[in-house]
Amino acid sequence: MNTLLKLKKINLKYQTGKDNINVLKNIDLTIKKKETVSVVGESGSGKTSLIMLIGGLERPTSGKIIFQDREITNLNEDEVSEIRKQNIG
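If you want the numbering used here, it's the position in the sequence shown, counting the first as 1, plus 595.
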């Protein structure tokens, strides 16, 4: 398949005290191999959080992350680290 990365219905919430902050809500994104993508937006719009999810450094509250046809959402830290080491750098 030509898809490198797919995010399906990604939600990310941070808890601050008693409040939940919705950082990302129902994000769907498909990135094809050799495709160039830019992430732009205002300060506080979730750009860094999205990049952290894509890089496996953050876990979504809900949804699926699929990298090279393999769901990585629920992998343990060692498995995600190995994927980063072999594929991301």
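All residues carry an ideal CB built from backbone N, CA and C; glycine is no exception.
Task: Contact under 8 Å by Cβ, D623 with K608 - done: no
TODO: Report the three-state DSSP secondary structure of T631 (helix, strand or coil).
DONE: coil
Open item on the list: Give me the residue from K659, T631, N671, E672 with the minimum Cα distance to K620.
Closed with: It is K659.
- [ ] Starting from the Cα of N597, find the closest Cα among K628, L645, N606 and give me that residue.
- [x] The shortest C-alpha separation from N597 is found at K628.
Open item on the list: Quick check: I667 and I649, are their CB atoms within less than 8 Å of each other?
Closed with: no
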